[in-house]
Amino acid sequence: MFWKKSGVIVLLCALLLLFTACSKDEAASGGSTDKKQSATLTVWIHPYVSDELKSKQNEVFKEMGERFKKEYPNVKVKFEEIPWANREQKILTALAAKQGPDVFYLIPDMMAQFADKGVLAPIDDLLGDYGKDDFDKTSLEAVTYKDKMYGLPLLKEVQTYFYNTKILKELGGDPNHLPQTWDEFNALAEKAVKKGYYARNYEGGNTPNATLYPYVWQAGGQVITDDGKIAINKSDAVKGFELVNNWYKNKMIPKDSINTIDHLPLFLEGKSLAYWGTGASLATMKEKGFKDYAIGSPLKNKEIATFGTTGMFVVSGNSENKKLAAQLVKSMTSTESLKAFNKLTKYVPPRKSAASIYNEDKDMKILTEYAKYAKPGVIHPVSRSVMPQIQAKLQEMMQGKKTPQQAADSAAKAIQEEMNK
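In case it helps, mature numbering (1 follows the signal peptide of the UniProt record, and there is no 0) puts the sequence shown at residues -23 to -1, 1 to 398.
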């Protein structure tokens, strides 16, 4: 009887050990995803390129789907493109109705909002080995919220200065020694105005990510601190408002800077010393045959900083195939996938192993280097919803209705009201 009981106990212990080992193996591999599983996974994407390159973008995503199908032959991947306009509301509406895609594209400030609403699936435990050390640190920080990872990076953007070298030389500047600080830039800007040029573009109709936050960060300020405190009206942050205000008052930026969304034509027409843009701006310059440019770094007051989003693919909390969807995200952000996508779109690949796509492209190598200064925005649940209010306060300042401090205080009040909802 004793031996029978002992045998049962031994058997139960063995089964328990086996179960524990299997559980650990599943956790390590992201769960036991059946390679023969049948499913249809829907992915919502956007137009990341111009209409002229749309067919090439379609080919890139088609190849991503085919690459995944080699590993999961019974899975159909459907790519559906939705426009950038109103995408946030479209996605949230679909997810609230328990519909929508299995996988979709997000940026960090939207991720925080979506995660707080509970419509995203954390993917830390679903992925298994995804080559963590191959992603740069800032990219992974940008897809993490409250210690949970919600996506894998597809692209990194970086905003910086492009200078018209002809105008620069006319002003006594040197293309090999471009401005590094606010003071150095503003000194050139004053000369540009005296010669009848604008110093730079300022597209006030765009979000504060491009129109305000870089200057707040460069001054050593913050919009919302990491622990959720409002800081946009603190002394360092207000310096960002003051910089923009001075540019506008001193006619260093065009009169329509308050609400325009596109000043690139002014730069291409030789009317502006500098253009604050991205790799996409660079691609347009080259398409237009514009060659008289030099790429400068983001500026520094207290620190060097700029805005540059990290685009990611995330898994819907509604997906019936979350593990499978996470594996698709991993496949779509593999080295091969990132090389093809970023080479076409002229973004910076977040994997180190994909950086070689720009070995022969000196301009994109420069932007890749500057990406280390790029912050992905304000990662907080209210960051997207308060953008229109902050933009409005900034515009009121430029119109002379508020001082920089008053605009910053009003922005802080708007953020607090949104947090209180």
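Glycine included, every Cβ here is placed at the ideal spot set by N, Cα and C.
Note that this is a predicted model, so its numbers are computed, not measured.
{"Asked": "What ranges does the beta strand (DSSP E) occupy inside the region 259 to 324, keeping only unbroken runs of at least 3 residues that lie completely in it?", "Found": "270 to 273 and 287 to 292"}
{"Asked": "Distance check for Ala119 and Lys1, CA to CA, integer angstroms please.", "Found": "Here Lys1 scores only 36 on pLDDT, less than 50, and its place in the model is too uncertain to base an answer on."}
{"Asked": "Mapping the DSSP letters down to three states, classify Ile367 as helix, strand or coil.", "Found": "helix"}
{"Asked": "Considering only C-alpha positions, which residue in the set Lys33, Asp101 and Tyr107 is nearest to Met309?", "Found": "Tyr107"}
{"Asked": "Taking a contact to mean a Cβ-Cβ separation below 9 Å, would you say Val20 touches Leu305 in this structure?", "Found": "yes"}
{"Asked": "Can you tell me the Cβ-Cβ gap for Gly181 and Thr286, rounded? I've got them flagged as a contact below 8 Å.", "Found": "The Cβ separation is near 19 Å, so there is no contact."}
{"Asked": "Please report how far the alpha carbon of Met262 lies from the alpha carbon of Lys268, in whole angstroms.", "Found": "8 Å"}
{"Asked": "Please give the ranges of any beta strand (DSSP E) in the region 129 to 171, keeping only runs that are unbroken, at least 3 residues long and fully inside the region.", "Found": "137 to 141"}
{"Asked": "With three or more C-beta pairs closer than 8 Å as the rule, is the region 289 to 304 touching the region 179 to 197?", "Found": "no"}
{"Asked": "Evaluate contact between the region 367 to 380 and the region 221 to 239, counting only Cβ atoms and requiring at least three cross-stretch pairs below 8 Å.", "Found": "yes"}
{"Asked": "Does Ala385 come out as helix, strand or coil in the three-state DSSP assignment?", "Found": "helix"}
{"Asked": "Which two residues bound the contiguous beta strand (DSSP E) that contains Ile343?", "Found": "No beta strand (DSSP E) holds Ile343; the alpha helix (DSSP H) holding it covers Lys339 to Tyr347."}
{"Asked": "Tell me where the alpha helix (DSSP H) around Val193 begins and ends.", "Found": "Tyr190 to Gln195"}
{"Asked": "Suppose the cutoff is 6 Å on Cβ atoms and the five residues either side in sequence are ignored; what does the same chain contact list for Ile367 look like?", "Found": "Pro185 and Ala388"}
{"Asked": "Going by DSSP, what residue range makes up the alpha helix (DSSP H) through Thr115?", "Found": "Lys114 to Ala119"}
{"Asked": "Can the beta-carbon of Leu97 be found closer than 9 Å to that of Tyr127?", "Found": "yes"}
{"Asked": "What do you get for His154, buried or exposed, if any count of 16 or more other CB atoms within 10 angstroms of its CB means buried?", "Found": "exposed"}
{"Asked": "With Gly42 as the anchor, note down where its alpha helix (DSSP H) starts and where it stops.", "Found": "Lys31 to Glu48"}
{"Asked": "Tell me whether the region 339 to 355 and the region 55 to 75 touch, counting them as touching only if at least three CB pairs, one residue from each stretch, are closer than 8 Å.", "Found": "no"}
{"Asked": "From Ile201 to His357, what does the alpha carbon distance come to, in whole angstroms?", "Found": "8 Å"}
{"Asked": "Over what stretch of residues does the alpha helix (DSSP H) that includes Gly217 continue unbroken?", "Found": "Ser212 to Lys226"}
{"Asked": "Can you check which of these residues, Pro327, Ala332 and Lys307, is closest to Lys41 by C-alpha distance?", "Found": "Position check: residue 41 holds Met in this sequence, whereas Lys was assumed. Of the candidates Pro327, Ala332 and Lys307, the one whose C-alpha sits nearest the C-alpha of Met41 is Lys307."}
{"Asked": "Which residue or residues does DSSP assign as beta-bridge partners of Ile201?", "Found": "Ile207"}
{"Asked": "Go through its chain and collect everything with a Cβ distance to Lys123's Cβ below 8 Å, but skip five positions before and after it.", "Found": "Ala92"}
{"Asked": "Hey, would you say the C-beta of Tyr175 is under 8 Å away from at least one heavy atom of the ligand GTP?", "Found": "No copy of the ligand GTP appears in this structure; indeed no ligand is present at all."}
{"Asked": "Taking 8 Å as the cut-off, does the region 266 to 280 touch the region 141 to 152 (at least 3 CB pairs, one atom from each stretch)?", "Found": "yes"}
{"Asked": "My understanding is that Tyr347 touches Val135, with C-beta atoms under 8 Å, so please give their C-beta distance in whole angstroms.", "Found": "5 Å"}
{"Asked": "Counting only the same chain and skipping the five closest in sequence on each side, list residues whose C-beta sits under 6 Å from that of Trp159.", "Found": "Leu276 and Asn278"}
{"Asked": "If you count every other CB in all the chains shown that lies within 10 Å of the CB of Asn397, and 16 or more means buried, which is it?", "Found": "exposed"}
{"Asked": "Any idea if Gly150 is buried or exposed, counting beta-carbon neighbours within 10 angstroms, 16 or more meaning buried?", "Found": "buried"}
{"Asked": "Starting from Ile356, follow the beta strand (DSSP E) in both directions and report where the run begins and ends.", "Found": "Looking at the DSSP string, Ile356 is not in any beta strand (DSSP E), and its letter there is neither H nor E."}
{"Asked": "Relative to the C-alpha of Ala214, which residue among Tyr49, Glu337 and Leu189 is closest?", "Found": "Leu189"}
{"Asked": "Report yes or no: do the region 227 to 234 and the region 161 to 170 share at least 3 C-beta pairs separated by less than 8 Å?", "Found": "yes"}
{"Asked": "Out of curiosity, what's the CA-to-CA distance linking Trp234 and Ala251?", "Found": "The sequence as given places Ser at residue 234; Trp does not occur at that position. Using only the alpha carbons, I get a separation of about 14 Å."}
{"Asked": "So the candidates are Ala351, Gly266 and Ile238; which of them puts its Cα closest to the Cα of Glu246?", "Found": "Gly266"}
{"Asked": "If I measure Cβ to Cβ from Leu321 and keep anything under 7 Å in the same chain, skipping five residues before and after, which residues do I get?", "Found": "Val26, Leu30, Lys33, Gln34 and Val37"}
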